[in-house]
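Written out below as structure tokens is the structure these notes cover.
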Amino acid sequence: MNVSSTPSGGKRSAGSIAADVNLLEAHALTKEFRGFIAVSGIDLTIKAGTIHALIGPNGAGKTTVFNLLTKFIEPSGGTILFKGEDVTRQKPYAIARKGIARSFQISAIFPHLSVRENVRIALQRPLGTHFQFWRPKTSLARLDERADELLERVNLTGMADRLAGELSYGRKRILELATTLALDPALLLLDEPMAGLGREDVDRISALVKQVSHGRTTLLVEHNLSVVEKLSDTITVLARGKVIAEGTYRHVATQPAVIEAYLGGDDD
Ligand SMILES: Nc1ncnc2c1ncn2[C@@H]1O[C@H](COP(=O)(O)OP(=O)(O)OP(=O)(O)O)[C@@H](O)[C@H]1O
Ligand SMILES: [Mg+2]
304 MNVSSTPSGG KRSAGSIAAD VNLLEAHALT KEFRGFIAVS GIDLTIKAGT IHALIGPNGA
364 GKTTVFNLLT KFIEPSGGTI LFKGEDVTRQ KPYAIARKGI ARSFQISAIF PHLSVRENVR
424 IALQRPLGTH FQFWRPKTSL ARLDERADEL LERVNLTGMA DRLAGELSYG RKRILELATT
484 LALDPALLLL DEPMAGLGRE DVDRISALVK QVSHGRTTLL VEHNLSVVEK LSDTITVLAR
544 GKVIAEGTYR HVATQPAVIE AYLGGDDD
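Letter by letter, the sequence shown follows residues 304 to 571 of the numbering used here.
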């Protein structure tokens, strides 16, 4: 993959959110799988209101970091602070409830339900509050309304009554994003949102990621470096479980360690 920098368009500003606030901090985060160290003492600081990209060759540990931040897996060492609170030992549902949500690298939607029903289920997802098996009709209507609002935000309005399984691959990814947005997360984690997409879908989803990141904080894992360059305020480069560079695209793309990691045969 070519990491040399091309002139970029205007970067997204951090908007009205105070960009100096650390929304998430990981210190010395480590994950060992039976003797294999997949994530090795990384420090990561994500500023509120930014789009922060995590890049690196295959097997660098990017998805493992996501799994650690959402507590899908337990860290072997290190700490995770979210809004200043130590959440290292908290359960996945507690993490989700605090406002960290991810979309999956592999599509995770219900193909036999309609597009609207998929979003509605996401809106109803219990987050450790009350399970509500019975809801008054008005509340259900309100859910449909909110589902339709979300579908409008991601331009899927015309597809609301279609079965999710009938959507194109690109639109399935967009629906998946809508179901993640249903949680209205403060920190949105996107693992390779452009994976497997054609050029047109990449442009469409890039614009969408930018749009839905407005007013929140996004951590993005993405192999498409021109997308990373266009969208990200800050980039952290991982290789073999370690942070090898951090900063703007222009900065990291010129670091010898980064160029070597990408040219060293680990790349896809
Ligand atoms: N459950 C597991 N058990 C053992 N090893 C694992 C496990 N999960 C990940 N690994 C290993 O940890 C390393 C990092 O994997 P990870 O999936 O985090 O990489 P990645 O940066 O997301 O790669 P890609 O770009 O290919 O998605 C890899 O060598 C992988 O084989
Ligand atoms: Mg991965």
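C-beta: ideal position from N, C-alpha, C; glycine also.
Using the beta-carbon count (16 or more within 10 Å), is residue i buried or exposed?
| i | result |
| --- | --- |
| F369 | buried |
| G567 | exposed |
| Y472 | exposed |
| F385 | buried |
| V555 | buried |
| H355 | buried |
| S316 | A caution first: S316 carries a pLDDT of 44, below 50, which makes its placement in the model unreliable, though a value can still be read off. So S316 counts as exposed. |
| D504 | buried |
| L443 | exposed |
| D487 | exposed |
| N421 | buried |
| G387 | exposed |
| A641 | This structure does not reach residue 641, given that the chain is present from 304 up to 571, and the question cannot be answered. |
| L523 | buried |
| V324 | exposed |
| A331 | exposed |
| E592 | With the chain covering only 304 through 571, there is no way to say anything about residue 592. |
| R445 | exposed |
| D536 | buried |
| K394 | exposed |
| E377 | exposed |
| E469 | exposed |
| D494 | buried |
| P496 | buried |
Hey, would you say the C-beta of residue i is under 8 Å away from at least one heavy atom of ligand 1?
| i | result |
| --- | --- |
| N361 | yes |
| D368 | The displayed chain sequence assigns Val, not Asp, to residue 368. It does: the Cβ of V368 is within 8 Å (strictly closer) of some heavy atom of ligand 1. |
| L500 | no |
| L332 | no |
| A356 | no |
| F339 | yes |
| I547 | no |
| I345 | no |
| V457 | no |
| I412 | no |
| L446 | no |
| G544 | yes |
| I376 | yes |
For ligand 2, I want to know if residue i counts as a neighbour, meaning its beta carbon is within less than 8 Å of at least one of the ligand's heavy atoms.
| i | result |
| --- | --- |
| T373 | no |
| D494 | yes |
| V524 | yes |
| K365 | yes |
Could you tell me which residues DSSP puts in a beta bridge with residue i?
| i | result |
| --- | --- |
| T366 | The partner list for T366 (beta bridge, DSSP) is empty, contrary to what the question assumes. |
| A548 | V540 |
| N325 | K350 |
| E287 | Residue coverage of the chain in this structure runs from 304 to 571, which leaves residue 287 outside it and unanswerable. |
| E388 | F385 |
Could you check where the beta strand (DSSP E) with residue i kicks off and where it finishes?
| i | result |
| --- | --- |
| R405 | 403-406 |
| L541 | 537-542 |
| A356 | 354-358 |
Following the continuous alpha helix (DSSP H) through residue i, name the residue where it begins and the one where it ends.
| i | result |
| --- | --- |
| L566 | 559-566 |
| I383 | Not the alpha helix (DSSP H): I383 falls in the beta strand (DSSP E), residues 380-385. |
| L426 | 418-427 |
Worksheet entry | Segments of 3+ residues assigned as beta strand (DSSP E) that fall wholly inside the segment 328-352 | Listed in chain order, the complete beta strand (DSSP E) runs (minimum 3 residues) inside the segment 328-352 are 339-350.
Worksheet item: What residue ranges within the segment 454-503 form continuous alpha helix (DSSP H) runs of no fewer than 4 residues, ordered along the chain?
Response: If we require 4 residues or more, the alpha helix (DSSP H) runs fully inside the segment 454-503 come out as 472-484.
Worksheet item: In chain order, which beta strand (DSSP E) runs of at least 3 residues are fully inside the segment 503-528?
Response: As summarised for the segment 503-528, the continuous beta strand (DSSP E) elements at least 3 residues long and confined to that stretch are 520-524, given in chain order.
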